[in-house]
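Structure, as structure tokens:
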């Protein structure tokens, strides 16, 4: 059991790093780095959604990309039709939540588990990908918004202050919005995990039968957790869509779904900070690798991942924690004894 | 494997060093007054088959121009990115070219999605943008010039040829299911119906479909006079293989709106005999200019460089058009270069003369109709000065300069 | 009437393709619970090894039936020895490692072979049914799938090796107490799974373009088929392929390939909801 001091320090550290990033990056780093980070913040939120449902809930969902994409597309369609973003934001978070609740009901009340659940969530994602990829024809419009098929939906209206479309959030300001959303999501999930609900979710991961025998309706809790994770993913999708005012079916494809899993594993399954680190680090890595032309990007990225999994099996954050703990405990002058 | 601190630090620093390497080595030492040219093409990924020659093309032409004295006596410094057929990469590299490199002009984009991702970014940061891939037409943007064919140019003459040669009245059409296929298909329907033909089918296939057996059976049942194919990309090559496999080669003629060396190289000559296709440029064009160009290209990039197509040449032409406009204007300042281009700058490229069409910011160029014969593109006819009619009816940037959109028919 | 016959053959061919490109995954996942995300790339390697072998003059059928499976089996064994064996029991890490391998292999092939390569045309010509013609190669595919299923059954049920393999999968500790080396069994099984994937890639290569990225199109369907099939490897893959392949092809014929895809995916969802353990969780239990 980790000492309580670590927990508080950890939270403070995350908050401090987050705030420092938000303040210092625009001042010290080039604009394109700021814009890049904005994108990675949205991926980090998506990673958090899987970190929560899988790392803490024990539910291996291959389909967080569905809610990410649904959030983005819903925002796009409503924002284009209403030319104003308030309702679009609400819908972008609500619609995926409703869909998740229905899908969750379908899956958890059917007592589906582990691999089979993973495949259903994957199939749902692929369904959206296939369907939306087919919508290039002109007849595929919802109101004013043409779904655009593989070309996606461009020129999506930006977020604006409620009621006042002249005061909108430009690309460079999205950095702050995404960053704040990311921090809020992180602390929100941390808080949630500390409540009774959170502990039940973790308990279900540890031993579902026991929790059920204790009288809790496990299916209901799983569906609820799944819905919450969907809202988080949808928030990521909302941020993503506003990063470049664009969305396309690529967010629903197999590669994207697999990438989320990779971020979480690389960052550290069972932590919240880890997947954030994983998403941002791998994002930067992929883009930087693309700027050099000596080696194929896939080759290097693949090699790094394989080496990583053999050398750092638990993920970046747990590894870092372990090293820090070893260092702390190995120092001879320490007289502290850590309880529990 | 036990993780010791030492091993972890070694690995971490190696990885970090490896990550930093590209950033360090790609930092170019620009000459103080070099002109910054940006390029974004998909060298890898699903569109890699198209992007490789465009990426090589831009490097080739920048080098050629630098060797002959640069533009306005200034060297061109090229920053070329491989966007890996990924839209996010396009957006990120465009942002980088705009805000970090501060490019003076950008060439690139392959799929229409990539162009539409990049266009708003370059418009916002006021960077001149040339898009050089044949597409579905309709882009009407003061800041953008299109250096490639539109449907009117690619399809018009070739379809006329096909209809005449095969005495075709009944057409069965199959298309890739995204903007290019959707819009081109409607354009072709209009054109064909104007000529009194009947379109019995317009079918659309997602880009990752590889199995066309149902389609081929349905075509056999419909018994059309001509099959028109607007299939695109690596997966759709399957159709061109399954068609002869089902015994259909030569039974019903096929005209493809997108069939260049990139698809041809994956297929055997016996599978595609008689296929009709059309672009501004084919390597088999028999002119002294083209021969000179090809020998330069091969000298630079290798004698066994695979056959190139219209994409590389359109990229080449675009850079030269920009160069001419800049020299005409006496500056690389965006507004003045645009004005110069709008006077109708022209350039004699390997495929013939290309000229800027001022109202649409597209090109007036020649298109060539070819038939695949013994595995080669045999040129059948050449149409000069074909205008981008499809875009012209919708877009006039001289009369209405403040536009930045793409029209649909 | 001719239409019905042709469509029937096309359905059988689609089902057979599913069987072929899912069989490798069925072996590796079904027997070892390893989620091999590099499965698509093993298929791709099978296709490329076929092309390379033909280029150096090997006979088409020898290349397809011998060289490709052998080559990919070796690749599979290397994968297993160098990477996967360190990760048994750790499903997440296997996921990550095989994803990394999939990227790596794609990258290597792109580096050495470029983005496209001249393929081979479909052999065996065409045949005629009434007014319609179809490719004769489809019969070959149907034949191959049947052969794979039949030989799989024979080996597992009636050979000593099959017995050892099944025993090790069921209870590795007991098996090793009886003198079998589980790690050897795992390596060989992985190799066989890889060989099957290589065979599938080679058999399907003459149907379409061969690209470094061609694996991606197959992996989703392969997973759905294997999981939908359930515990039993052969019966599961076979029955799931029949179900999904038929639905896919028939719907595609009557409407379009997109709706066909959607139909396949929807039927997978419905199937898993109704039969949460896959087809062989309910039917054909205790079969192979």
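Chains as they are written, first to last, in the working numbering: chain A, 1 to 340; chain B, 1001 to 1409; chain C, 2001 to 2288.
Backbone N, C-alpha and C fix where the C-beta goes; we use that ideal spot for every residue, glycine too.
For residue 2153/C, DSSP records no beta bridge to any residue.
Annotation for residue 271/A: 317 place their beta carbon closer than 6 Å to its own, counting only its chain and skipping 5 residues before and after. Within the DSSP bridge table, the entry for residue 2128/C names 2133/C as partners.
Rounded to the nearest whole angstrom, the CA to CA distance from residue 1237/B to residue 1243/B is 10 Å. Residue environment analysis places residue 1287/B among the exposed positions, since fewer than 16 neighbouring C-beta atoms fall within 10 angstroms of its C-beta. For the region 124–142 of chain A, the set of positions with a beta-carbon nearer than 9 Å to some beta-carbon of chain C reads 124, 126, 127, 130, 131, 133 and 134 in chain order. Against chain A, a Cβ distance below 7 Å from residue 1112/B picks out 151. For a Cβ distance threshold of 7 Å, nothing in chain C lies close to residue 1162/B: the least Cβ distance comes to about 23 Å.
CA-to-CA, the gap between residue 2069/C and residue 2176/C works out to about 29 Å.
Relative to the Cα of residue 50/A, the nearest Cα in the group 236/A, 305/A and 291/A belongs to 236/A. The criterion of a C-beta distance shorter than 9 Å is not satisfied by residue 1330/B and residue 1289/B. In the DSSP assignment, residue 1078/B forms a beta bridge with 1037/B. Less than 9 Å divides the Cβ of residue 1380/B from the Cβ of residue 1161/B. A distance below 9 Å separates the beta carbons of residue 2194/C and residue 2072/C. For residue 1146/B, the uninterrupted beta strand (DSSP E) segment begins and ends at 1144–1146.
In the structure shown, residue 1357/B adopts extended strand secondary structure according to DSSP, grouped into three states. Chain B has a Cβ within less than 9 Å of the Cβ of residue 246/A. Straight-line measurement puts the Cα of residue 1048/B at about 25 Å from the Cα of residue 32/A.
Judged by DSSP in its simplified three-state form, residue 1387/B adopts coil rather than helix or strand.
Sixteen is the threshold: when 16 or more other Cβ atoms of the shown chains lie within 10 Å of the Cβ of residue 2134/C, as they do, the residue is buried. Sequence-ordered contacts of the region 2064–2092 of chain C with chain A read 2083, 2086, 2087, 2090 and 2092 [C-beta pairs closer than 8 Å]. Residue contact check for residue 2006/C against chain B: a CB pair falls below 9 Å.
Residues 2012, 2013 and 2016 of the same chain have their beta carbon placed closer than 7 Å to that of residue 2142/C, with the five preceding and five following residues left out of the count.
Sequence-ordered contacts of the region 2237–2249 of chain C with chain A are nonexistent [C-beta pairs closer than 7 Å].
Residue range 1170–1176 is occupied by the beta strand (DSSP E) that includes residue 1175/B.
Excluding its 5 nearest sequence neighbours in each direction, residue 150/A has C-beta neighbours in its own chain below 7 Å: 133, 136, 248 and 249, listed in chain order. Annotation for residue 2206/C: 2119, 2120, 2121, 2122, 2123 and 2137 place their beta carbon closer than 8 Å to its own, counting only its chain and skipping 5 residues before and after. When C-alpha distances from residue 2007/C are compared across 2217/C, 2246/C, 2160/C and 2212/C, the shortest belongs to 2246/C.
Nearest C-alpha to residue 1065/B among 1096/B, 1219/B, 1320/B and 1315/B: 1320/B.
From the listed residues 213/A, 309/A and 219/A, the smallest Cα separation to residue 111/A is found for 219/A. Residue 1202/B is bridged by DSSP to 1173/B. Among the residues of chain C, none has a CB under 9 Å from the CB of residue 1170/B; the nearest is roughly 16 Å distant. Judged by DSSP secondary structure, residue 1060/B falls within the alpha helix (DSSP H) whose first and last residues are 1048–1067. DSSP places residue 1395/B outside both helix and strand once states are collapsed to three, so it counts as coil. Among the residues of the region 2109–2141 of chain C, those with a Cβ less than 9 Å away from any Cβ of chain B are 2110, 2114, 2115, 2116, 2117, 2118, 2119, 2120, 2121, 2122, 2123, 2124, 2125, 2126, 2127, 2128, 2131, 2132, 2133, 2134, 2135, 2136, 2137 and 2138, in the order of the chain. Minimum Cα-Cα distance from residue 2240/C among the listed residues 2152/C, 2196/C and 2272/C corresponds to 2272/C.
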